[in-house]
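There are 2 protein chains.
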Amino acid sequence: MSLPPLWRIEIDGRPAEAEDLAHTALVNHGHFTSMQVRGGSVRGLALHLERLDTANRELFGVPVDRDRVRAHLRHALDGIPDATVRAQVFMAGDRPRILVAVRPPQPAPEAPQRLRSVTYGRPFAHIKHTGTFAQLHHKAEAERAGFDDALFVDSAGMVSETTIANIALHVGDTVVWPDAPVLEGITMQLLNRALAANGTPAERRRIHLTDLASGDTVFLTNSTGITPVARVNGTPIPARPDILKEMRTLYESTPWDPI
Amino acid sequence: MSLPPLWRIEIDGRPAEAEDLAHTALVNHGHFTSMQVRGGSVRGLALHLERLDTANRELFGVPVDRDRVRAHLRHALDGIPDATVRAQVFMAGDRPRILVAVRPPQPAPEAPQRLRSVTYGRPFAHIKHTGTFAQLHHKAEAERAGFDDALFVDSAGMVSETTIANIALHVGDTVVWPDAPVLEGITMQLLNRALAANGTPAERRRIHLTDLASGDTVFLTNSTGITPVARVNGTPIPARPDILKEMRTLYESTPWDPI
């Protein structure tokens, strides 16, 4: 697996040194958030900061100072208006350390996605933790088999999430998210707010793999945006362009927050 | 989580630089082996090298040159006779890169271990991959609850492995390993060879959590050696010192291979 170019990587506001990175490279015990930055701003900044604080309290029993994270983000982004940013927290002794990695901006995939179902569930699924090996490897295996990504289902075929996105099924006038252990993505949360403001019903239900072809549109959400699903395994999935456009318009009504 | 001191960390025979470590710190897609080095030698060196090569072929489709790994191990250990060594492989483009981390030698835990059962199974369990977040976190949670480690069981209560060791049940004259998805540890493999040479029966069977109290001894194996189990959840586990001594004596008959 190759990485996109890494423009900057800082820890606690200073260029990351080998000694600090060795800890993170060898001890797979941290958490992070990923965001798209445009013009120095982020959608749902408060939610990203809340995610880091909440996860750190749960994993390590201590908070993460949100103003400190913002300061480190601003420092790493100095002079870079548009970027993909990962803010990752690891513990050195009892102290949370903030790693910020800055890469080129990343748009949502243009092509409707072809998914392969895989029986897997992320451990500690509600946390965006650094134990992503299985996600990366299921994605790599799906790609080798001619798909774009893997869709996780449990042993009964109930859908949860993809390796890097939430999945939603649009049925009638309702957006349905899986009632399953998933990471509640920031984009999912922001879209839900926009749906509520628009009076569009949204709810969580158990979704079986075979339900996906029964709605009018299936789409994915993550920090890059909203992407339709074209196929799941051998099954074509309906995709109504008007619904997809409505979802995107609603999500894009979310304001950009200056970091 | 704090690390023990890191004496050296090299990549491809050179001190690891920030740029290389950033890849490993951010992309959780690699595999490794851990070994105890004494006097510049390792038990089961060929098995460690085979593990790296086999895992790399499965994960990334390309081999790892065993002589190159040995050379990098020797380079990182130069002047250090006794150590804990982790050899980790990650891909940069199509090329496997060998990270060697050298820490102080680590003996097996002296105290009989108190385990807490947790319903979890490692993904891609036959591979010693870098996606260890759930293991580290289950161990941390077990420790906070007053145990030494977590013991993984499936939803039916069938035992697989701990976060860092194989588990075996000694019953009558037989060593029983779980017939479950586990990492087949090098120490487990070496002990099985010694058992076979000694004429001691060893086999794999499905082991339920409640079976553990029914034998005469339960013990753990990993690169630090063999350690008895004292309790699982609230249940005391029998531990016959003569059996444990026999297991250790058999394992310790394994020769040390110069790196």
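As they're listed, the protein sequences go chains A and B.
If you read the first sequence in numbering that gives the first Met the number 0, its first letter stands for residue 0, the second for the next number, and so on.
If you read the second sequence in numbering that gives the first Met the number 0, its first letter stands for residue 0, the second for the next number, and so on.
Glycine residues also receive a C-beta, built at the ideal position from the N, C-alpha and C atoms.
Using only CA atoms, which one of B:Glu202, B:Thr118, B:His169, B:Ala164 lies nearest to Asp153 of chain B?
For the options B:Glu202, B:Thr118, B:His169, B:Ala164, the alpha carbon positioned closest to that of Asp153 of chain B is the one of B:Thr118.
For His56 of chain B, decide whether its Cβ has a neighbour in chain A, counting only Cβ atoms nearer than 9 Å.
Strictly speaking, residue 56 of chain B in this sequence is Arg, with His absent from that position. The beta carbon of Arg56 of chain B sits no closer than 9 Å to any beta carbon of chain A.
Taking Cβ positions, are Ala17 of chain B and Leu25 of chain A nearer each other than 9 Å?
Taking 9 Å as the Cβ cut-off, Ala17 of chain B and Leu25 of chain A do not qualify as a contacting pair.
Apart from the five residues on each side of it in sequence, which residues of its chain come closer than 7 Å, Cβ to Cβ, to Ser252 of chain B?
Closer than 7 Å at the Cβ level, and outside the excluded window around Ser252 of chain B, lie Ala193.
Please list the partners that Leu5 of chain A has in chain B, where partner means a Cβ-to-Cβ separation under 9 Å.
Chain B residues near Leu5 of chain A: Glu18, Ala21, His22, Leu25.
List, in chain order, every chain B residue whose beta-carbon is nearer than 9 Å to that of Leu135 of chain A.
The answer, in chain order, is Val26, Asn27, His28, Gly130.
Tell me which residues share the same chain as Arg62 of chain A and place their Cβ nearer than 7 Å to its Cβ, disregarding the 5 neighbours each side in the sequence.
Residue identity check: residue 62 of chain A is Pro in the sequence provided, not Arg. Within the same chain, and ignoring the five residues on either side of Pro62 of chain A in sequence, the residues whose Cβ sits closer than 7 Å to its Cβ are Asp52, Asn55, Arg56.
So for Thr131 of chain A, helix, strand or coil by DSSP?
In this structure, Thr131 of chain A counts as coil in the three-state DSSP scheme.
Members of the segment 80-108 of chain A that neighbour chain B once the beta carbon cut-off is set at 8 Å:
If the cut-off is 8 Å between Cβ atoms, the segment 80-108 of chain A has Arg85, Gln87, Met90, Ala91, Gly92, Leu98, Ala100 near chain B.
Neighbouring residues, chain B, relative to Trp122 of chain A (Cβ below 7 Å)
According to the sequence provided, residue 122 of chain A is Pro. The question's Trp does not apply to it. Within chain B, the residues near Pro122 of chain A are Tyr119, Ala133.
Under 8 Å by beta carbon: chain B residues contacting Ala195 of chain A
What Ala195 of chain A touches in chain B: nothing, since even the nearest Cβ is about 33 Å away.
Excluding the 5 residues preceding and the 5 following Ile242 of chain A in the sequence, name in chain order all residues of the same chain whose CB lies nearer than 8 Å to its CB.
Closer than 8 Å at Cβ, skipping near neighbours: His169, Asp215, Thr216.
Determine the direct distance from the alpha carbon of Gly39 of chain B to that of Phe123 of chain B, and round the result to whole angstroms.
Cα to Cα, the separation comes out at about 31 Å.
Is the beta carbon of Val228 of chain B closer than 9 Å to that of Pro323 of chain B?
For chain B, the structure presents residues 0 to 258; residue 323 of chain B sits outside this window and is missing.
Cross-chain neighbours of Ile8 of chain B in chain A, by beta carbon under 7 Å:
For Ile8 of chain B, the neighbours in chain A by C-beta distance under 7 Å run, in chain order, Ala21.
Would you grab the beta carbon distance between Arg203 of chain B and Asp147 of chain B for me? Rounded to a whole angstrom, and I think it's under 8 Å.
Their Cβ separation, rounded to whole angstroms, is 25 Å, which puts Arg203 of chain B and Asp147 of chain B out of contact at 8 Å.
Length-filtered (3 minimum) beta strand (DSSP E) runs lying within the segment 63-92 of chain A
Within the segment 63-92 of chain A, the beta strand (DSSP E) runs of at least 3 residues that lie entirely inside it are, in chain order, 82-91.
So with CB distances below 9 Å, who are the chain B contacts of Ala15 of chain A?
What Ala15 of chain A touches in chain B, judged by beta-carbon distance under 9 Å, is Ala17, Leu20, Ala21, Ala24, going in chain order.
Mind listing, in chain order, the continuous beta strand (DSSP E) runs of no fewer than 3 residues lying wholly within the segment 126-193 of chain A?
The segment 126-193 of chain A is shown to contain whole beta strand (DSSP E) runs of 3 or more residues at 148-152, 158-161, 165-170, 173-177, in chain order.
Assuming contact is defined by CB atoms lying nearer than 9 Å, are Ala139 of chain B and His47 of chain A in contact in what I supplied?
Cβ atoms of Ala139 of chain B and His47 of chain A: not closer than 9 Å.
Cross-strand partners of Met31 of chain B (DSSP beta bridge):
The sequence shown places Phe at residue 31 of chain B, rather than the Met named in the question. Answer is B:Gln87.
Close-in-space but distant-in-sequence residues of the same chain around Glu183 of chain B (CB under 8 Å, 5 per side omitted):
The answer, listed in chain order, is His125, Asn165.
Could you check where the alpha helix (DSSP H) with Asp251 of chain A kicks off and where it finishes?
Per the sequence presented here, residue 251 of chain A reads as Glu, with Asp not at that position. In the DSSP annotation of this structure, the continuous segment of the alpha helix (DSSP H) that includes Glu251 of chain A starts and ends at 240-251.
C-beta contact flag for Pro254 of chain B and Arg50 of chain B at 9 Å:
Between Pro254 of chain B and Arg50 of chain B, the C-beta gap is not smaller than 9 Å, which leaves the two residues out of contact.
With a threshold of 16 other CB atoms inside 10 Å of the CB of Ala45 of chain B, please say whether the residue is buried or exposed.
With fewer than 16 other Cβ atoms within 10 Å, it is exposed.
Is it true that the CB of Ser222 of chain B sits closer than 9 Å to the CB of Ile265 of chain B?
Summary: the structure shown does not reach residue 265 of chain B, with chain B confined to residues 0 through 258, and so no result is reported for it.
Using C-beta distances below 7 Å, list every residue in its chain close to Asn197 of chain B, excluding the 5 sequence neighbours before and after it, in chain order.
Cβ within range, chain order: Leu249.
Backbone secondary structure at Asn19 of chain A - three-state DSSP:
Residue 19 of chain A is actually Asp in this sequence, not Asn. Looking at Asp19 of chain A - three-state DSSP - the assignment turns out to be helix.
9 Å Cβ cutoff, Ala139 of chain A in contact with chain B
It does; some Cβ of chain B falls within 9 Å.
Helix or strand or just coil, what does DSSP make of Trp218 of chain B?
One point to set straight first is that residue 218 of chain B is Phe, not Trp, in the sequence displayed. Strand.
Consult DSSP for Thr118 of chain B and reduce its assignment to one of helix, strand or coil.
Under the three-state reduction of DSSP output, Thr118 of chain B falls in the strand class.
With distances taken Cα to Cα, identify the nearest neighbour of Val174 of chain A among A:Met90, A:Met34, A:Leu219.
Measuring from the Cα of Val174 of chain A, the nearest candidate turns out to be A:Leu219.
Starting from Ala45 of chain B, follow the alpha helix (DSSP H) in both directions and report where the run begins and ends.
44-59 is the extent of the alpha helix (DSSP H) around Ala45 of chain B.
Distance between beta carbons of Thr226 of chain B and Pro108 of chain B, contact taken as under 8 Å
Correct: roughly 5 Å between the Cβ atoms.
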